[in-house]
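Residue numbers (full-length UniProt numbering): 1 to 113.
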């Protein structure tokens, strides 16, 4: 149990594998573990370690959520800008077509006189 607790403290990625194993040991052998004094101190240490990691993970999850929100807002703003620019390009091409038609009508009026 001491070896597992030490490994859990020092290895960040092993928590996914070690913690379920520790949980199973605690559930199946809890009476024996609690009866031993040095192990209870070890469990207190393990509890503090997992609690501090939980706090760190919570902060990281909040940061991740904030970053996802910012990225979504940036993507939406980019899409809005693209749509506005595309709308201006369509308007400009329609204006050019109208100018061409005006010139053609103007030439017909000159020829009929």
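Glycine is no exception: its CB is placed at the ideal position from the N, C-alpha and C atoms.
It should be emphasised that the depicted structure is a prediction, and the values quoted were computed from it without experimental measurement.
Say yes only if the C-beta of residue i is nearer than 7 Å to one or more non-hydrogen atoms of the ligand ATP, and no if none qualify.
i, result
"residue 63", "The model on display carries no ligand, and the ligand ATP is accordingly not part of it."
Evaluate residue i with the Cβ neighbour count: other Cβ atoms within 10 Å of its Cβ, from every protein chain shown; 16 or more gives buried, anything less gives exposed.
i, result
"residue 60", "exposed"
"residue 63", "exposed"
"residue 46", "buried"
In three-state terms, what does DSSP make of residue i?
i, result
"residue 62", "helix"
"residue 79", "helix"
"residue 73", "helix"
"residue 31", "helix"
"residue 36", "coil"
Indicate whether residue i and residue j have their beta-carbon atoms separated by less than 8 Å.
i, j, result
"residue 33", "residue 27", "no"
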